[in-house]
Amino acid sequence: MFKLDTADYMISISGSDALRELSSPGKSGSMFFLSQDDRFMIKTLRKSEVQVLLRMLRDYYRHVHTYDNTLVTKFFGLHRVKPSSGQKICSDGQHVLHRT
Numbered sequence: 000m001f002k003l004d005t006a007d008y009m010i011s012i013s014g015s016d017a018l019r020e021l022s023s024p025g026k027s028g029s030m031f032f033l034s035q036d037d038r039f040m041i042k043t044l045r046k047s048e049v050q051v052l053l054r055m056l057r058d059y060y061r062h063v064h065t066y067d068n069t070l071v072t073k074f075f076g077l078h079r080v081k082p083s084s085g086q087k088i089c090s091d092g093q094h095v096l097h098r099t
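FYI, the numbering for the sequence shown is 0 to 99, going by numbering that gives the first Met the number 0.
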């Protein structure tokens, strides 16, 4: 729907140098990362935020499918990632999306 090649997406967000942390955390305490090619922004989410996102997903899909030029944020994926080192980035343990 967004004309995004899956392989390009995975290359942009994967790998040891694929993401760089933005300097200040969000107001909610979430962390933000930017892909090295500046195409994708990644935000860590709390479990409660994931649940809200999943509940609204059907309506979100309908909206972005109906309105091609919508200004609503485009979500390309919801991932749970465990770094190969096994060490989580977030110390509070409540975030479900972590940088690899």
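By construction, the Cβ of each residue, glycine as well, lies at the ideal position given by its N, Cα and C atoms.
- Item | For Glu-20: DSSP bridge partner residues | Beta-bridge partners of Glu-20 (DSSP): Phe-32.
- By how many angstroms is the C-alpha of Leu-53 removed from the C-alpha of Leu-77? Straight-line measurement puts the Cα of Leu-53 at about 9 angstroms from the Cα of Leu-77.
- Task: Determine the contact status of Lys-42 and Ser-29, defining contact as a CB-CB distance below 8 angstroms.
- Result: A distance below 8 angstroms separates the beta carbons of Lys-42 and Ser-29.
- Message: Suppose you measure from the CA of Met-0 to the CA of Leu-56; what does that come to, to the nearest Å?
- Response: Going from the Cα of Met-0 to the Cα of Leu-56 covers about 14 angstroms.
- Alpha carbon of Tyr-66 to alpha carbon of Ala-17, nearest angstrom: Answer to the nearest angstrom: the Cα atoms are 31 angstroms apart.
- With distances taken between CB atoms, is the gap from Phe-39 to Phe-74 smaller than 8 angstroms? By the CB criterion at 8 angstroms, Phe-39 and Phe-74 fall outside the cutoff.
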